[in-house]
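Working notes for the structure below.
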Amino acid sequence: MRISFERTGGFAGISKKTTVDTATLSAQEAKELPQLVEVADLFQLPEQITSPNPQSDRFQYKLTVEDNGKQHTVTVSEAALPGTLRPLIEWLNNRGQGKSEG
(Lines of atoms letter the chains of each structure in order from A and count residues from 1; the text may use other names and numbers.)
(Lines give C-alpha, C1' and ligand atoms only; values in the text may rest on other atoms or scores of the structure.)
Protein backbone atom coordinates (compact mmCIF):
# COMPACT_ATOMS: atom_id res chain seq x y z
CA MET A 1 0.00 0.00 0.00
CA ARG A 2 1.25 3.42 -0.92
CA ILE A 3 -0.18 6.76 0.18
CA SER A 4 0.69 10.16 -1.23
CA PHE A 5 -0.29 12.86 1.23
CA GLU A 6 -0.35 16.62 0.69
CA ARG A 7 -1.34 19.27 3.20
CA THR A 8 -1.88 22.79 1.91
CA GLY A 9 -3.19 26.02 3.37
CA GLY A 10 -2.98 27.04 6.98
CA PHE A 11 -2.00 30.45 8.28
CA ALA A 12 1.40 30.46 6.57
CA GLY A 13 0.14 28.76 3.40
CA ILE A 14 2.94 26.19 3.47
CA SER A 15 2.50 23.01 1.45
CA LYS A 16 3.74 19.73 2.87
CA LYS A 17 4.00 16.54 0.81
CA THR A 18 4.99 13.05 1.81
CA THR A 19 4.67 9.57 0.35
CA VAL A 20 4.44 6.50 2.54
CA ASP A 21 4.87 2.95 1.26
CA THR A 22 4.23 -0.04 3.53
CA ALA A 23 7.18 -1.79 1.83
CA THR A 24 9.57 0.71 3.41
CA LEU A 25 7.94 1.02 6.85
CA SER A 26 8.76 -0.81 10.05
CA ALA A 27 6.70 -3.96 10.65
CA GLN A 28 4.54 -2.13 13.21
CA GLU A 29 3.86 0.84 10.92
CA ALA A 30 3.24 -1.46 7.93
CA LYS A 31 0.54 -3.18 9.98
CA GLU A 32 -0.92 0.05 11.41
CA LEU A 33 -1.32 2.03 8.16
CA PRO A 34 -3.70 -0.37 6.34
CA GLN A 35 -5.83 -0.56 9.51
CA LEU A 36 -6.15 3.24 9.56
CA VAL A 37 -7.12 3.24 5.87
CA GLU A 38 -9.74 0.55 6.56
CA VAL A 39 -11.22 2.41 9.56
CA ALA A 40 -11.44 5.56 7.43
CA ASP A 41 -13.24 3.54 4.72
CA LEU A 42 -11.14 5.61 2.35
CA PHE A 43 -12.09 3.83 -0.87
CA GLN A 44 -15.76 4.61 -0.18
CA LEU A 45 -15.27 8.33 0.51
CA PRO A 46 -16.18 10.90 -2.17
CA GLU A 47 -13.34 12.57 -4.05
CA GLN A 48 -14.17 15.98 -2.55
CA ILE A 49 -15.26 16.64 1.02
CA THR A 50 -15.76 20.34 1.60
CA SER A 51 -17.11 22.46 4.41
CA PRO A 52 -20.20 24.60 3.85
CA ASN A 53 -18.29 27.41 5.62
CA PRO A 54 -14.79 27.47 4.12
CA GLN A 55 -12.16 29.25 6.19
CA SER A 56 -9.07 30.55 4.44
CA ASP A 57 -6.57 29.66 7.17
CA ARG A 58 -7.63 26.02 7.53
CA PHE A 59 -5.68 23.13 6.06
CA GLN A 60 -6.73 21.09 3.07
CA TYR A 61 -5.59 17.49 2.71
CA LYS A 62 -5.20 15.42 -0.43
CA LEU A 63 -4.63 11.68 -0.08
CA THR A 64 -4.06 9.22 -2.89
CA VAL A 65 -4.09 5.57 -1.81
CA GLU A 66 -2.84 2.79 -4.08
CA ASP A 67 -3.48 -0.76 -2.94
CA ASN A 68 -3.74 -4.04 -4.87
CA GLY A 69 -4.22 -2.28 -8.20
CA LYS A 70 -6.87 0.11 -6.86
CA GLN A 71 -6.32 3.84 -6.54
CA HIS A 72 -8.48 6.49 -4.93
CA THR A 73 -7.88 10.17 -4.25
CA VAL A 74 -9.73 12.17 -1.61
CA THR A 75 -9.42 15.92 -1.08
CA VAL A 76 -10.86 17.10 2.22
CA SER A 77 -10.92 20.43 4.02
CA GLU A 78 -9.89 20.41 7.67
CA ALA A 79 -13.26 21.90 8.67
CA ALA A 80 -15.11 18.99 7.03
CA LEU A 81 -12.78 16.20 8.14
CA PRO A 82 -14.81 13.06 8.95
CA GLY A 83 -14.01 11.60 12.37
CA THR A 84 -13.15 8.25 10.80
CA LEU A 85 -10.48 9.92 8.63
CA ARG A 86 -8.87 11.97 11.43
CA PRO A 87 -6.60 9.17 12.83
CA LEU A 88 -5.15 8.52 9.36
CA ILE A 89 -4.55 12.25 8.73
CA GLU A 90 -2.86 12.61 12.13
CA TRP A 91 -0.70 9.53 11.49
CA LEU A 92 0.40 10.90 8.10
CA ASN A 93 1.00 14.38 9.54
CA ASN A 94 3.21 12.95 12.29
CA ARG A 95 5.00 10.65 9.85
CA GLY A 96 5.75 13.59 7.55
CA GLN A 97 7.25 15.85 10.24
CA GLY A 98 10.59 17.13 9.03
CA LYS A 99 10.17 15.59 5.59
CA SER A 100 8.45 18.43 3.78
CA GLU A 101 9.01 19.18 0.15
CA GLY A 102 7.74 21.97 -1.87
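Quick note, the sequence shown lines up with residues 19 to 120 if you use the working numbering. For each residue, glycine too, the CB sits at the ideal point set by N, CA and C. No experiment lies behind these values; they were computed from the predicted model shown.
Would you check if the distance between the CB atom of residue i and the CB atom of residue j is smaller than 8 Å?
| i | j | result |
| --- | --- | --- |
| Gln89 | Thr82 | yes |
| Ser40 | Leu110 | According to the sequence displayed, residue 40 carries Thr and not Ser. Contact: no. |
| Thr102 | Asp59 | yes |
| Val55 | Leu106 | yes |
| Gly31 | Gln78 | no |
Closer than 6 Å by C-beta to residue i: which residues in its own chain qualify, once you throw out the five before and the five after it? Chain order, please.
| i | result |
| --- | --- |
| Gln66 | Thr93 |
| Phe23 | Thr36, Leu81, Leu110 |
| Ser140 | Because the chain spans 19 through 120 in this model, residue 140 falls outside it and cannot be assessed. |
| Pro100 | none |
Just checking my contact of residue i with residue j at CB under 8 Å: how many whole Å lie between their CB atoms?
| i | j | result |
| --- | --- | --- |
| Lys34 | Arg25 | 5 Å |
| Arg123 | Ser95 | Outside the shown range of the chain, which is 19 to 120, sits residue 123, and nothing can be said about it. |
Leaving out five residues on either side along the sequence, give the residues of the same chain with a beta carbon under 8 Å from the beta carbon of residue i.
| i | result |
| --- | --- |
| Pro52 | Met19, Thr40, Asp85 |
Relative to the C-alpha of residue i, which candidate in the options has its C-alpha closest?
| i | options | result |
| --- | --- | --- |
| Gln62 | Thr91, Glu108, Gly87 | Thr91 |
| Arg104 | Val57, Thr42, Asn71, Phe29 | Val57 |
Looking only at its own chain, which residues have a Cβ that is under 7 Å from the Cβ of residue i, when we skip the five neighbours before and after it?
| i | result |
| --- | --- |
| Lys49 | none |
| Ala45 | none |
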